[in-house]
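Below is one structure; the comments refer to it alone.
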Amino acid sequence: MKLDYVTIFPDYFAPLTLSLVGKAAQTGLLEVQVHDLRQWAHDVHRSVDDTPFGGGAGMVMKPEPWGEALDAVLGGETPACLVIPTPSGALFSQRQAEELAAYDRLVFACGRYEGIDARVPEYARTLTEVRELSLGDYVLNGGEVAALAMTEAIVRLLPGVIGNPESLTEESHSESLRHRLEYPVYTKPASWRGRDVPEILLSGHHAKIAEWRREQAEALTRERRPELLARAED
Ligand code: JDE
10 MKLDYVTIFP DYFAPLTLSL VGKAAQTGLL EVQVHDLRQW AHDVHRSVDD TPFGGGAGMV
70 MKPEPWGEAL DAVLGGETPA CLVIPTPSGA LFSQRQAEEL AAYDRLVFAC GRYEGIDARV
130 PEYARTLTEV RELSLGDYVL NGGEVAALAM TEAIVRLLPG VIGNPESLTE ESHSESLRHR
190 LEYPVYTKPA SWRGRDVPEI LLSGHHAKIA EWRREQAEAL TRERRPELLA RAED
């Protein structure tokens, strides 16, 4: 998979050289390219922002540098998906991660200030598929951290990135535990600071353990994310 990031803060993407994503890039499973948006800003100050039409606080990213950036980066024949992290996007979810993991090429457009001129995603849709996606109901200073989080969620689903693919199938939000949070997990020692691992997990009764885990997942979900149970039928 080829991953491109367009940003005014290329240094934000240093973590892509670490851990599983970094290893996948080293082994050639991933090709990562980070682009400084300012290379497509041609005035003396290399400005990428301007005041909003209609008034209001803050600045808006100008369309011209983004237009040139997208022409340059999306050029090529591999079908890509352009991802624009934004608090006004649709919610990014495990389902979104699974869908995006199927692409050979993803381009992340990381906005700053109050956002990107609305004509940019409109224009981008004439070039490629575009997904405006939000990590959740909060505002970040820029799309970079959101792009990193989405990248990690997507890349760990690629064959060969995770050592044990079975660990992918049993976690929160995966198909087998769909709409449930993950059950609590324990490791050795069986007793730690006066706290014992639930006896059932030491019993070797696989069916009973599976049942206990389902119950735990259900109780935890009811307590923390009741809205997930409401849509458990679909
Ligand atoms: C992504 N969840 C949150 C922020 C923004 C006021 C201030 C800032 C592309 O347009 C953007 C992008 C971002 C950065 O991303 C996030 C985010 N997932 O905050 C703004 C809008 N209004 C605009």
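10 is the number of the first residue of the sequence shown in the numbering used here; add one for each residue after it. Where is the CB? At the ideal position from N, CA and C, for every residue including glycine. Remember, it's a predicted structure, so these values are computed and weren't measured experimentally.
Next item on the list: Report the option in Val154, Leu136, Thr137, Gly31 whose CA atom is closest to the CA atom of Leu144.
Entry: Checked all of Val154, Leu136, Thr137, Gly31; the closest Cα to Leu144 is Val154.
Note to self: Once the 5 residues before and after Asp205 are set aside, which same chain residues still bring their CB inside 8 angstroms of it?
What the structure shows: Ala199, listed in sequence order.
Checklist line | Spatial distance of Pro94 from Gly152 (CA atoms) | finding: Rounded to the nearest whole angstrom, the CA to CA distance from Pro94 to Gly152 is 5 angstroms.
Notebook entry, point to check: So His44 is in the beta strand (DSSP E); what residue range does that whole segment cover?
Noted result: Boundaries of the beta strand (DSSP E) around His44: 40-45.
Note to self: For a test of your reading of the model: does the CB of Glu123 fall under 7 angstroms from any non-hydrogen atom of the ligand FMN? Yes or no.
What the structure shows: Among the ligands modelled here, namely the ligand JDE, the ligand FMN does not occur.
Check: To which residues of the same chain is Pro193 closer than 8 angstroms at the C-beta, ignoring the five residues directly before and after it?
Finding: Here the set comprises Gln225, Leu229.
Notebook entry, point to check: Mind pulling the alpha helix (DSSP H) runs of 4 or more residues that sit fully within the segment 121-190?
Noted result: Taking only runs of at least 4 residues, the alpha helix (DSSP H) segments lying wholly in the segment 121-190 are 128-133, 153-164, 175-178.
Checklist line | With 16 other Cβ atoms within 10 Å as the buried cut-off, status of Gly120 | finding: With 16 or more Cβ atoms within 10 Å of its Cβ, Gly120 is classed as buried.
Notebook entry, point to check: Expressed to the nearest angstrom, what Euclidean distance is found between the alpha-carbon atoms of Ala158 and Leu25?
Noted result: Roughly 11 angstroms between the two C-alpha positions.
Check: Any chance the CB of Ser143 is under 7 angstroms from a heavy atom of the ligand JDE?
Finding: Distances between the C-beta of Ser143 and the heavy atoms of the ligand JDE include at least one below 7 angstroms.
Note to self: Taking a contact to mean a Cβ-Cβ separation below 8 angstroms, would you say Gln48 touches Asp13 in this structure?
What the structure shows: Going by C-beta atoms, Gln48 is not nearer than 8 angstroms to Asp13.
Check: What are the boundary residues of the beta strand (DSSP E) that Leu100 is part of?
Finding: Unbroken beta strand (DSSP E) run through Leu100: 90-100.
Margin query: So, at 8 angstroms on beta carbons, what are the nonlocal neighbours of Arg140 in its own chain, with the 5 sequence-adjacent residues on each side left out?
Written below: Exclusion of the five residues before and after Arg140 leaves Cys90, Leu91, Val92, Ile93, Gly98, Ala99, Gln105, Leu109 as the residues of its chain whose Cβ lies within less than 8 angstroms of its Cβ.
Check: Hey, quick one: how far does the beta strand (DSSP E) through Leu115 stretch, first residue to last?
Finding: Secondary structure note for Leu115: its beta strand (DSSP E) is the uninterrupted segment 114-118.
Next item on the list: Hey, could you find the ends of the alpha helix (DSSP H) Leu237 is sitting in?
Entry: 235-239 is the extent of the alpha helix (DSSP H) around Leu237.
Margin query: Please classify Thr87 as buried or exposed, where buried requires at least 16 neighbouring CB atoms within 10 angstroms.
Written below: Using a 10 angstroms sphere on the CB of Thr87, the tally of other CB atoms stays under 16, which defines it as exposed.
Notebook entry, point to check: Does the distance from the C-beta atom of Ala118 to that of Val15 stay below 8 angstroms?
Noted result: Going by C-beta atoms, Ala118 is nearer than 8 angstroms to Val15.
Check: Does the beta-carbon of Leu115 have 16 or more other beta-carbons within 10 angstroms, so that it is buried, or is it exposed?
Finding: Its Cβ being crowded by 16 or more others within 10 Å, Leu115 is buried.
Next item on the list: Output the boundary residues of the alpha helix (DSSP H) element that contains Gly13.
Entry: The residue asked about is misnamed: residue 13 is Asp in this sequence, not Gly. Run containing Asp13: none in the alpha helix (DSSP H); it sits in the beta strand (DSSP E), 11-16.
Item checked: Check: Val43 C-beta below 7 angstroms from any heavy atom of the ligand JDE -> No, since every heavy atom of the ligand JDE falls outside the 7 angstroms radius drawn around the Cβ of Val43.
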